[in-house]
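Below: the structure, in structure tokens.
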Amino acid sequence: MPIPEDVTGHEIDKDVQQELQSLPKGLAEDVAKNLVMVAKLIDEDPEQAYAYSRIALRLASRVAAVREAAGFAAYANQKYSEALAEFRAARRMTGSVELWPVMADCERGLGRPEKALEMAGAPEVHKLDKAGQVEMRLVAAGARRDMDQIDAAIVTLQSPELASNSVQPWTARLRYAYADALLSAGREDEAREWFAKVIESDKDGSTDASDRLAELDGVEFVDALGDDEGAVESVGDADSLDDGDVDVDVDEREKD
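Here our numbering is used: position 238 in the sequence shown is 270, and no number is missing along the way.
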């Protein structure tokens with residue numbers, strides 16, 4: 033597959049570059065370039081990212097970073113069995129527990145939420161850093177929802193990290209999952225409160241919390257070109273957005 037001329041392979045993390053040093057120089061450069069393409073495309077074009085990951089895997093299947101990249105590319109394409117196999121291989125090579133949450137989420141993807149919950153209670157979870165533990169909590173809550181245990185999912189998400197006012201990289205996703213679970217349980221007022229908290233912490237707009245909150249407030253977004261009255265109309269009280277309580281910006285498998 034073609035690789036743009038401006039991709040050198042040096043864009044990858046230093047730790048990955050160090051892993052690739054076990055390969056002949058020319059081969060290491062080819063693998064690195066394919067890994068760069070995986071990273072560049074995995075969000076916008078996961079199918080292409082997967083194709084590049086397969087090339088890297090064919091070239092260097094004994095490199096843990098390659099197996100991990102192949103796992104994430106497969107995961108992004110919902111190829112959960114394949115992703116799980118690659119993550120397991122990477123873990124065997126490194127001994128790290130870092131991939132434990134995404135491995136559990138693959139079990140969810142394969143229709144085995146009970147296995148995901150079993151992994152959530154395993155000793156490996158205690159070896160995860162804080163971000164990993166939060167991710168594991170999100171996966172466990174998702175597994176509970178898969179099993180229609182919505183109240184248990186809500187309890188699972190209740191944690192010091194959820195209650196904290198400190199904004200961390202995981203804060204918006206954790207609050208969003210909690211708000212969504214509350215809404216599924218019919219606790220609309222609480223859900224509205226937590227969607228508002230998501231907006232406070234979601235500075236990059238990575239969630240659709242603004243839209244979800246607008247829906248709860250009875251705001252309908254319409255085509256401005258087809259409505260002389262404007263781009264937003266309320267299906268409830270038109271003055272409800274003018275009281276200063278809510279700042280609505282126009283702008284989630286866990287699976288999580």
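Note that beta-carbon positions come from the ideal geometry of N, C-alpha and C, so glycine has one too.
Spanning the alpha carbons of G250 and D178 requires a straight line of approximately 28 Å.
The C-beta of V129 has 16 or more other C-beta atoms within 10 Å across all chains shown, which makes the residue buried. The beta strand (DSSP E) runs of length 3 or more contained entirely in the stretch 55 to 103 do not exist; there are none. Where E167 is concerned, the enclosing alpha helix (DSSP H) starts and stops at K162 to D178.
Nearest neighbour of E114 by Cα position, chosen from Y82, P145 and L91, turns out to be Y82. Per DSSP, the unbroken alpha helix (DSSP H) holding E146 starts and ends at P145 to A152.
Between the stretch 238 to 246 and the stretch 195 to 203 there are fewer than three inter-stretch CB-CB distances shorter than 8 Å, so the stretches are not counted as touching. In the structure shown, V199 adopts coil according to DSSP, grouped into three states. The DSSP-derived three-state label of V230 is helix. The beta-carbon separation of P78 and A108, rounded to 4 Å, stays under the 8 Å limit for a contact. The beta carbons of N66 and I87 sit closer together than 8 Å. The straight-line gap separating the alpha-carbon atoms of L91 and L59 is approximately 8 Å. For M33, the three-state secondary structure derived from DSSP is coil.
Annotation for K111: no alpha helix (DSSP H) segment contains it, and DSSP assigns it neither H nor E. Within the same chain, and ignoring the five residues on either side of G103 in sequence, the residues whose Cβ sits closer than 7 Å to its Cβ are A115, E118, F119 and A122.
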